[in-house]
Amino acid sequence: MMRKLLISTDCTCDLPNEIIEKNRIEQLFFFVYVGNGIFRDRDEITAMNVFECMREGKKVTSSAPPVEDYVGYFRKLLRKAEEVIHLTISSGCSQSYSHACEALEVMGEDGKRIHLIDSLHLSTGLGHLVIKSVEAANAGKSTEEIVEEMNKLRHRISSSFIAKDAEYLAINGKIAPWQSKLLKRFKLHPILAMRNGEITVKGFIRGNHEKAQIKYVKRELREADRIDRETLFITHAGSTARELENVKATVEAVCRFRSMYVTNASATVSSNCGPETVGVLFMTKE
949 MMRKLLISTD
959 CTCDLPNEII
969 EKNRIEQLFF
979 FVYVGNGIFR
989 DRDEITAMNV
999 FECMREGKKV
1009 TSSAPPVEDY
1019 VGYFRKLLRK
1029 AEEVIHLTIS
1039 SGCSQSYSHA
1049 CEALEVMGED
1059 GKRIHLIDSL
1069 HLSTGLGHLV
1079 IKSVEAANAG
1089 KSTEEIVEEM
1099 NKLRHRISSS
1109 FIAKDAEYLA
1119 INGKIAPWQS
1129 KLLKRFKLHP
1139 ILAMRNGEIT
1149 VKGFIRGNHE
1159 KAQIKYVKRE
1169 LREADRIDRE
1179 TLFITHAGST
1189 ARELENVKAT
1199 VEAVCRFRSM
1209 YVTNASATVS
1219 SNCGPETVGV
1229 LFMTKE
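Note that this note's numbering has the sequence shown beginning at 949, numbered continuously upward.
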């Protein structure tokens, strides 16, 4: 049966499979390039595979699918639903949104049935908007109402991570190699955050890595009165079980949420921050 409205997103939303399957969310896969190989993110390659390749000295890059892939993907979705809302990773981090816009131009009249939202976030920051879109659709809101609501909600999302060190920031050209070495020497762990749709270095925490993670969580959740307690994502790239338990315990001690999920970061997201990176992603109150 043809659905009235379908919610779609990039695989970089990092939502757990249980949420994806329960809500019948469609995903478009990004590509990860390793040497001469091309792999579909999440489906064929994970963050741990990426880290292993980079340790071996292999060059790893990632990209959104080309415009023709978007055209084929959107046409497939339009055989399932009358209209589609597709939420992309931030246009400040990827060509996903611009490729999707080009695809709609190619599709002509059919393209008018696709509605795009630039999330201004990545990982489960994008995931938050996807969930809210599903909830709005289930509540019977129109596509126009949902798009308008999500464009407002995206400014209430806090997306941040603490990296073990700055090595991968240097590899990806975010900082100079000498800066990475200096930060490592003084045991400074960078905090990365989304601001105006772009990844920025928000600050640094000094000391032992595990203790720095705990300080980071307390710092991000310190204004508990301003936080929407509905859902929190702990999203990580190859963190240890012990680190994740420490982060979960700290969250529960500082600011309890109705739902808390631990999710794995995609290869695309992980390649920019490195192993043992972890983030707490949530929404603030209006």
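We put the CB at the ideal spot given by N, CA and C, even for glycine.
Closest by C-alpha distance to F1152, when choosing among K1163, H1137, R1104 and H1103: For the purposes of this step, residue 1152 is taken as the residue at position 204 of the sequence shown. Ranking the options by Cα distance to F1152, first place goes to H1137.
Contacting residues, own chain, Cβ-Cβ under 8 angstroms from M950 (five flanking each side not counted): For the purposes of this step, residue 950 is taken as residue 2 along the sequence shown, with counting starting at 1. Cβ within range, chain order: K1028, A1029 and E1030.
Among I1175, I1110, E1168 and K1163, the one whose alpha carbon lies nearest that of C1221: As a first step, residue 1221 must be located in the sequence shown, where it is residue number 273. Looking at the Cα atoms, I1110 is the closest of the given residues.
Through-space distance from R1190 to C1041, alpha-carbon basis: Taking the sequence shown and counting its residues from 1, the one referred to as residue 1041 is at position 93. Taking the sequence shown and counting its residues from 1, the one referred to as residue 1190 is at position 242. Cα-Cα distance, rounded: 31 angstroms.
Proximity winner among D991, I968, G1020 and V1008, relative to G983 (alpha-carbon distances): The residue you call residue 983 lines up with position 35 of the sequence shown. Among D991, I968, G1020 and V1008, the Cα nearest to that of G983 belongs to V1008.
Sub-8 angstroms separation of D962 and F978 beta-carbons: For the purposes of this step, residue 962 is identified with residue 14 of the sequence shown, where counting begins at 1. For the purposes of this step, residue 978 is identified with residue 30 of the sequence shown, where counting begins at 1. Contact flag unset, no.
Closest residue to R1154 among T1188, V1226, K1135 and L1101 (Cα-Cα distance): Within the sequence shown, numbered from 1, the residue matching residue 1154 stands at position 206. When only C-alpha atoms are compared, the closest one is K1135.
Contact under 8 angstroms by Cβ, A1185 with A995: Counted from its first residue, the sequence shown places residue 1185 at position 237. Counted from its first residue, the sequence shown places residue 995 at position 47. In this structure, A995 lies closer than 8 angstroms to A1185 by Cβ.
Complete runs of the beta strand (DSSP E) confined to the segment 1006-1046 [at least 3 residues]: 1008-1011 and 1029-1036
Unbroken stretches of the beta strand (DSSP E), 3 residues or longer, contained in the segment 968-1004: 974-976, 979-982 and 985-988
Residues that DSSP places opposite M1208 in a beta bridge: Position 260 of the sequence shown, counting from 1, holds the residue named residue 1208. Paired residues: L1180.
Close Cβ partners of R1177 (< 8 angstroms) along its chain, the five nearest in sequence each way excluded: By 1-based counting over the sequence shown, the position of residue 1177 is 229. The residues are C1203, R1204, F1205 and R1206.
Segment limits, alpha helix (DSSP H) that includes A1215: Taking the sequence shown and counting its residues from 1, the one referred to as residue 1215 is at position 267. That run of the alpha helix (DSSP H) goes A1215 to S1218.
Buried versus exposed, by CB contacts within 10 Å (16 or more), V1199: Along the sequence shown, one-based indexing puts residue 1199 at 251. So V1199 counts as buried.
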